[in-house]
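Numbering (full-length UniProt numbering), first residue to last: 1 to 73.
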């Protein structure tokens, strides 16, 4: 999709807090284009972080997906 229908609100390296808007997207157009709306959350360099993922299948706006804490920092 090359970013089509996605509108990021933060950039790489930005610090975010719970409740910050990260991205907006046009779900209707994504589905009309034939794409599955399932969204992945990917954390790289995981050896530098303690990651606790919540066992949720569906999430709402205020749900915690995961808690990511930098190690040694």
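Even for Gly, the Cβ is constructed at its ideal location relative to N, Cα and C.
Quick one: measure Cβ to Cβ for residue i and residue j, integer angstroms, because I've assumed they're closer than 8 Å.
i	j	result
residue 7	residue 24	4 Å
residue 22	residue 10	5 Å
By the DSSP assignment, the alpha helix (DSSP H) with residue i in it spans what residues?
i	result
residue 30	27-32
Residue i bridges to which residues according to DSSP?
i	result
residue 64	According to DSSP, residue 64 bridges with nothing at all.
residue 69	50
How far does the beta strand (DSSP E) with residue i in it reach, from first residue to last?
i	result
residue 7	6-8
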